[in-house]
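Right, one structure below, let's go through it.
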Amino acid sequence: MIGYYDPNKDYGTPARLSENHVSLSIDGVEISVPEGTSVLRAAALADINIPKLCASDNLEAFGSCRLCAVQVEGKRGYPAACTTPVEAGMQVTTQNTKLARLRRNVMELYISDHPLDCLTCPANGDCELQDVAGAVGLREVRYGFEGENHLAAEKDNSNPYFSFDPSKCIVCSRCVRACEEVQGTFALTIDGRGFDSKVSPGQMEDFMDSECVSCGACVQACPTATLMEKSVVDQGVPEHSVITTCAYCGVGCSFKAEMKGDQLVRMVPYKGGDANHGHSCVKGRFAFGYATHQDRLTTPMIRDSIDQPWREVGWEEAISFAAERLKATQAKYGRESIGGITSSRCTNEETYLVQKLIRAAFGNNNTDTCARVCHSPTGYGLKTTLGESAGTQTFDSVMKSDAIIVIGANPTDAHPVFASLMRRRLREGASLIVADPRHIDLLDTPHRSDAQHLPLRPGTNVALVNALAHVVVTEGLEDHDFIAKRCDTEAYRAWRDFISEERHSPEAVESVTGVSAAAVRHAARTYAKAPNGAIYYGLGVTEHSQGSTMVMGIANLAMATGNIGREGVGVNPLRGQNNVQGSCDMGSFPHELPGYQHVADATARQRFEELWGVPIDDEPGLRIPNMFDAAIEGSFKALYVQGEDIAQSDPNTQHVEAALTSLDCLIVQDIFLNETAKYAHVLLPGSSFLEKNGTFTNAERRINRVRKVMPPRAGKEDWEITVELSRALGYPMDYRHPSEIMDEIAQLTPTFTGVSYDKLERLGSLQWPCNAEHPEGTPTMHEFDFPIGLGRFAITEYVATEERTNRRFPLLLTTGRILSQYNVGAQTRRTDNQVWHDEDVLEIHPSDAEMRGIADGDWLGITSRSGQTVLRARLSERMQPGVVYTTFHHPASGANVITTDSSDWATNCPEYKVTAVQVEKVSRPSAWQRRFDDFDREQRQFLEAAREPASQGVAP
Amino acid sequence: MQHDQRATLIHMANQIAANLQSSDDAAAGVRTHLEKFWARSMKERLIGCLDDADCDLSPIARQAVEQMAEQRRQAS
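Chains A and B are the protein sequences, given in the same order. Quick note on numbering: the first sequence equals residues 271 to 1226 in this note's numbering. Quick note on numbering: the second sequence equals residues 206 to 281 in this note's numbering.
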């Protein structure tokens, strides 16, 4: 949508998208540009580079620094090129003696109030002020430096990642505008007037005390060393960079990893990234220190049982030990007694190899991915209704939306860069409807025009979406043309009869959802009547006993209103982790081969069998919860886990712990001794995203390259470890580079046939389907038809969850995420992001707290049917009374000790979002937490004991 | 930790039946779902408990499992 050219160049002002072109002459060079383009940008496009300081092509022109002054024939004075739009026939001069003098005079004034410490300044070599001083030929400062100035202004070092040195500020407002226009937080302002003007976080607060969310947009915008990464202050300016993809959330931002040798100095969001267009959040921008953290595992380790210390061994011995254990287990308990789990934190190539290892070398389909516990209902629901297990749009599509529904998602915390884009659209006037038990920050978007909050009771999503659809159908708001042309008539009629029943009306379900009928009717009309209505949803939709039903309900609503198949509309699952989409695409689920081809499909299976040279089981394997149940029962005895921490992230922790301790062999491949690894017999040290090649696929189906910028700390990229394990099991795989794995994926996956590393190099990224029909990918899905021909409306009967409140458990717990931490926290807990969230707390409504005599900060015992844990209280009115909320970023919090085995009927995705609990004041940790502490201490000692001889140089 | 996998499977099958109850031929829908998404061992286990006195399958779920059992008998 935003048409950049060379992403490494700053064109001064944003691109304009007009189809009308205007021709003009700049310094005698003829150029034609879209109407509305600034003279500054037009000149830059002609490679005529006018000096500038306050302008940047991700910000609207401001016209403050006056350095880009030009002369225009027939016009008086020296207009700023940044604020002057092009006109037909314009004759512009950018360089002459008068302009040179003017610019030198401007720079002279700037420098008269700027420290002259260039040689020791952290921005030395990367300073726009320095560059422009050179460009304009500044040689003297006639005013001297003794006058009133800002050189003694106090530094603000409160933020862990960047410093704010106002003595170096030129008050260009780029940081303020970046915070407003790019990030949408409005945390910065210019305080004072004239000479007293200064950049102010909040109301002259420290950065840490202000509303700043540390996205880094201001740091990137700053043309001086005023806002500077502390890593650059410490290490100096980087000397080379590599473009790669962030390993945090499903937005999949592109970054330049800026390096000194193999040391990562900083991550700078890449303007050429099609998912993020040069924006970032605190995690991707700054929280990369975990990659070099002292806790990294660097040596393979083995042990016979989990009550023994670890023994460091070489790769060969570890792989051989693992393979022998797996073979022995199968010999004793049968072919189906082992399996594997991969993670959405792994690359496509890694997840592909793990499922191949399991199907080909293990000889069964017991493969699953952590997407099981987040977005498996998306796969089921969207495939059933729309024919493809993926979101329908690009992120940029939101800029054409007129009404936006956000259900069970918290984008400002979990998908911050996309949230900034959405907020931009909201500021432009799009309507917002949020269906969520909590009041999320998106509702507080500054300068939004209209927002509706539907604060439904946890567990009543389907009743709500049915009520919305009921309004659409009974008030004549359907798009009959779309339905007639694009949808299966019989399924539509059946659905229409079902949804028209009075029992689905907003009035009938008001007492179930807790949302007023009037609010539901208003929301349905807003969405259905908007020219473009888009739905975005997250785990608040999927992680329910009716997660799949709700996804189908959302697809029904979009089809009924014709909001499918063009920009600005669609059904958009916001994927939690970086490669949720990819891990699902790559055949990690037990019933599907790569590309969502069912294992019972003989034609598809045959193609895999021919290429892989082995028969493939035609029945699905065990899903993660089924593996746990079978392990406890004794029929499932060995598990290979790559990059996933099931002991912390999966529900009913004590059940998971029982399953893990039932295994004869647990092989964990990870970068840290995570909670699962404490139950393992083999530890295979993995590589971080900085240490390997591969691809991630983000929430908009965009395949992005992950590029190796430093060697793997343990010597192997993760895909190489899987290859070695497979070889040791007697099934050799022959790859020299992940590009060859992608070539095999393309060969076997109809939606990937056009994908290759060469094409990714050429085009930057590709959105699948990418094949002969769509050689450069598919930004918008279902434009002309659905993969199943016609869209299928699904009957979405509301079935109340069995997890209900009663006198013993009167409150409903729902769980979620916060901005600074990521998933189980294994990465972000090992960074300075800890300063924002060093413990999980229980948010409780003041009225619920008052009834129990609870004050802010009290220790609370939270008890469910599964277990008990203890967290500190935080009084909050974000939730309605009767609902409490927590996060699961810290293992000792035991958030999942209280979540239950209740799961989605279709996919077994756990119902993290609804747990009936009671809360009371306590004075000490729960029994589980005390056990956890003891076990954790013991396992850490086992690890330290294994490392000691090596660190002392003693031969094992 | 005590865990009754048989009870879990019956509960899961009943849950599927409850969610598909309003579909045309709900039993066929449940059977297709089980065939498509459940592991062989889980299906066999569920079929195996059909004759148990305490097999607490809902009518739709029972019908689906009986259909699945019959289909498997014919296939073998």
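Virtual Cβ for every residue (Gly too), placed ideally from N, Cα, C.
Beta-carbon gap between residue i and residue j smaller than 8 Å
{"i": "V839/A", "j": "G651/A", "result": "no"}
{"i": "A448/A", "j": "C488/A", "result": "yes"}
{"i": "A984/A", "j": "T568/A", "result": "yes"}
{"i": "G472/A", "j": "S480/A", "result": "yes"}
{"i": "A638/A", "j": "S858/A", "result": "Sequence check: residue 638/A is Asp here, not Ala. For D638/A and S858/A, yes; Cβs fall inside 8 Å."}
{"i": "N429/A", "j": "S484/A", "result": "yes"}
{"i": "T1066/A", "j": "T1169/A", "result": "no"}
{"i": "L1083/A", "j": "T1156/A", "result": "yes"}
{"i": "Q912/A", "j": "E620/A", "result": "yes"}
{"i": "L329/A", "j": "A312/A", "result": "no"}
{"i": "A800/A", "j": "S667/A", "result": "no"}
{"i": "M498/A", "j": "S433/A", "result": "yes"}
{"i": "Y949/A", "j": "A917/A", "result": "yes"}
Coarse secondary structure for residue i, derived from DSSP in three states
{"i": "G852/A", "result": "helix"}
{"i": "I576/A", "result": "coil"}
{"i": "E275/B", "result": "helix"}
{"i": "P264/B", "result": "helix"}
{"i": "V869/A", "result": "coil"}
{"i": "L287/A", "result": "coil"}
{"i": "S786/A", "result": "coil"}
{"i": "C254/B", "result": "coil"}
{"i": "Q1104/A", "result": "helix"}
{"i": "K438/A", "result": "helix"}
For residue j and residue i, the rounded distance between their alpha carbons
{"i": "C445/A", "j": "L458/A", "result": "8 Å"}
{"i": "I769/A", "j": "V743/A", "result": "8 Å"}
{"i": "Q1188/A", "j": "S1090/A", "result": "28 Å"}
{"i": "K1240/A", "j": "T1075/A", "result": "With chain A covering only 271 through 1226, there is no way to say anything about residue 1240/A."}
{"i": "D426/A", "j": "M478/A", "result": "9 Å"}
{"i": "E271/B", "j": "A1176/A", "result": "20 Å"}
{"i": "L1018/A", "j": "A874/A", "result": "8 Å"}
{"i": "L930/A", "j": "R975/A", "result": "34 Å"}
{"i": "A266/B", "j": "L214/B", "result": "11 Å"}
{"i": "D577/A", "j": "G904/A", "result": "20 Å"}
{"i": "M206/B", "j": "S932/A", "result": "Because M206/B carries a pLDDT of 48, less than 50, the predicted location of this residue cannot be relied on, and the following value inherits that uncertainty. Approximately 10 Å, taken between the alpha carbons."}
{"i": "L386/A", "j": "M377/A", "result": "13 Å"}
{"i": "N319/A", "j": "T831/A", "result": "49 Å"}
{"i": "A258/B", "j": "V938/A", "result": "42 Å"}
{"i": "A804/A", "j": "G699/A", "result": "14 Å"}
{"i": "S614/A", "j": "H563/A", "result": "22 Å"}
{"i": "I1088/A", "j": "K553/A", "result": "11 Å"}
{"i": "E275/B", "j": "Q867/A", "result": "26 Å"}
{"i": "T353/A", "j": "V782/A", "result": "55 Å"}
{"i": "V512/A", "j": "R555/A", "result": "14 Å"}
Residue i - partner residues in DSSP beta bridges
{"i": "K1191/A", "result": "L1130/A"}
{"i": "M529/A", "result": "H510/A, L534/A"}
{"i": "A673/A", "result": "S701/A, G803/A"}
{"i": "K1029/A", "result": "Its beta-bridge partners do not exist; DSSP assigns none."}
{"i": "S912/A", "result": "It is Gln, not Ser, that sits at residue 912/A in the sequence shown. Bridge partners of Q912/A: Q939/A."}
{"i": "R581/A", "result": "I572/A"}
Interface residues of chain A facing residue i [CB-CB closer than 8 Å]
{"i": "I221/B", "result": "W1175, A1176"}
{"i": "Q279/B", "result": "Going along chain A, no residue has its Cβ under 8 Å from Q279/B, so there is no contact; the nearest lies around 16 Å."}
{"i": "M247/B", "result": "L892, N896"}
{"i": "Q210/B", "result": "D899, A900, I902, E903"}
Within chain A, the residues that residue i reaches when beta carbons sit closer than 7 Å
{"i": "T213/B", "result": "D899"}
{"i": "Q226/B", "result": "E1067"}
Chain-ordered chain B contacts of residue i [CB-CB under 8 Å]
{"i": "P860/A", "result": "A244"}
{"i": "F768/A", "result": "S227"}
{"i": "H229/A", "result": "Because chain A is modelled from 271 through 1226, residue 229/A falls outside the range shown and cannot be assessed."}
{"i": "A764/A", "result": "D229"}
Neighbour list for residue i in chain B, Cβ cutoff strictly below 9 Å
{"i": "E606/A", "result": "A244, R245, S246"}
{"i": "A316/A", "result": "In chain order: nothing, as chain B lies at least about 59 Å away."}
**Asked** Using a beta-carbon distance cut-off of less than 9 Å, what residues from the stretch 807-829 of chain A approach chain E?
**Response** Absent from the structure: chain E. Protein chains present are A and B.
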